[in-house]
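First residue of the sequence shown? That's 0 in numbering that gives the first Met the number 0, and the numbers climb one at a time after it.
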Amino acid sequence: MKAAIFVALSALVLTAGCGGSPSSVAPIAPPAPPQALSYQDPSSSGWRLVRDSSSSGARLVLNLVGPAGVSTRGVGFNLQRGTNLVFGTFGNGAYAHDTGVFELKGGNPNFEPYAGTDADPVLFVSAPLPPGLVLSSGIFQKDRSFAAKDSAQPLVQVAVELRPGSLGVAGDAASQSAAYGLAVVKARMIPADIGAPDFRLTVEAIAKAKLQDIQIAVGTITAQ
């Protein structure tokens, strides 16, 4: 009787061992390192970042475009990136590119000594905020003799690139968003009537003369 029990237990142990010990399970391969980025434009017709045709491979160039029928004298926004992205620069080393829509210099030489010259400072800047996850950009006209500009065109460009040495991430949406997501966390624009030639510093006008909060839609980045 004891011999029969021993044989039965031995058979059970052997069966369990042959059924799938940890050493027999193939390890799960980590996601392959990404090589390129693709971008799906947002469906919004309002303020949005859309892909520029100059994008290529691991670099996305994004145009800030506004809604049709809205004019502005400038816009500023803070763009937050995912951990597997970096903010790219343009040929002059800047983090944003002026598309030429806004007239950034003064047009009246009687207004200040250097107005309209290369020495005339412009209201256009873009730089990462420490620790580098957010890019703050702003581009504004300062001479109110220039007309406000139609926002339904590329107003300024920014770029994001695949971070060198990035490792693949899990396929779930939360991990992908943390690694490759973009979000505009704050944005404002100057309405057309603020700074117009007939603008007067009355009490009512000063109360109204504030940058207007806007929402900028961002598309979806996929790493391949």
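Backbone N, C-alpha and C fix where the C-beta goes; we use that ideal spot for every residue, glycine too. This structure is a prediction, so every number in the text was calculated from the model and none was measured.
Apart from the five residues on each side of it in sequence, which residues of its chain come closer than 6 Å, Cβ to Cβ, to V69?
For this step, residue 69 is matched to residue 70 along the sequence shown. Once the five neighbours on either side are set aside, the close Cβ partners of V69 are S150.
Roughly how many angstroms lie between the CA atoms of G81 and Q175, to the nearest whole one?
Position 82 of the sequence shown, counting from 1, holds the residue named residue 81. Position 176 of the sequence shown, counting from 1, holds the residue named residue 175. One C-alpha to the other measures close to 9 Å.
Would you say V49 touches the ligand ZN, meaning its beta carbon is less than 6 Å from a heavy atom?
Among the components modelled here there is no ligand, and therefore nothing to report on the ligand ZN.
Please classify L166 as buried or exposed, where buried requires at least 16 other C-beta atoms within 10 Å of its C-beta.
In the sequence shown, counting from the first residue as 1, residue 166 sits at position 167. By the 10 Å Cβ count, L166 comes out exposed.
Rounded to whole angstroms, what is the Cα-Cα separation between E102 and H96?
Start at 1 with the first residue of the sequence shown, and residue 102 comes out as number 103. Start at 1 with the first residue of the sequence shown, and residue 96 comes out as number 97. E102 and H96: Cα-Cα distance of roughly 14 Å.
Give, in chain order, every unbroken run of the beta strand (DSSP E) that is at least 3 residues long and sits entirely within the segment 66 to 102.
Here the runs fully enclosed are 70 to 80, 84 to 87 and 95 to 97.
Residues bridged to T221 by DSSP?
By 1-based counting over the sequence shown, the position of residue 221 is 222. DSSP, once it has assigned bridges, lists S37 as partnering T221.
For V124, tell me which candidate among A186, V184, A93 and R143 has the shortest Cα-Cα distance.
In the sequence shown, counting from the first residue as 1, residue 124 sits at position 125. Residue A93 is the option with its Cα nearest to V124.
Could you check how far apart the C-beta atoms of P33 and Q152 are, in whole angstroms? I think they sit under 8 Å.
Position 34 of the sequence shown, counted from the first residue, corresponds to residue 33. Position 153 of the sequence shown, counted from the first residue, corresponds to residue 152. Wrong, their Cβ atoms sit about 32 Å apart, outside the cutoff.
Kindly list the residues whose CB is nearer than 6 Å to the CB of R72, restricted to its own chain and excluding five residues on each side of it in sequence; keep chain order.
Sequence index remark: in the sequence shown, residue 72 carries index 73 (1-based). Closer than 6 Å at Cβ, skipping near neighbours: Q140, A147, I189 and G194.
Going residue by residue through the segment 114 to 177, where are the continuous alpha helix (DSSP H) segments of at least 4 residues, counting only ones entirely within it?
You should have found no qualifying run.
Using a Cβ-Cβ cut-off of 7 Å, state whether A95 counts as contacting chain C.
This model lacks chain C altogether, as it is built from one protein chain only.
Take G105 as the anchor and find which of N91, L122 and G90 has the nearest alpha-carbon.
Mapped onto the sequence shown, residue 105 falls at position 106. Checking every option, the nearest Cα to that of G105 belongs to L122.
State the beta-bridge partners of K185 as determined by DSSP.
One-based indexing of the sequence shown puts residue 185 at position 186. For K185, which the question treats as bridged, DSSP gives the partners N77.
Quick check: the segment 211 to 222 against the segment 42 to 58, are there 3 or more CB pairs under 8 Å?
At 8 Å Cβ cutoff, the stretches touch.
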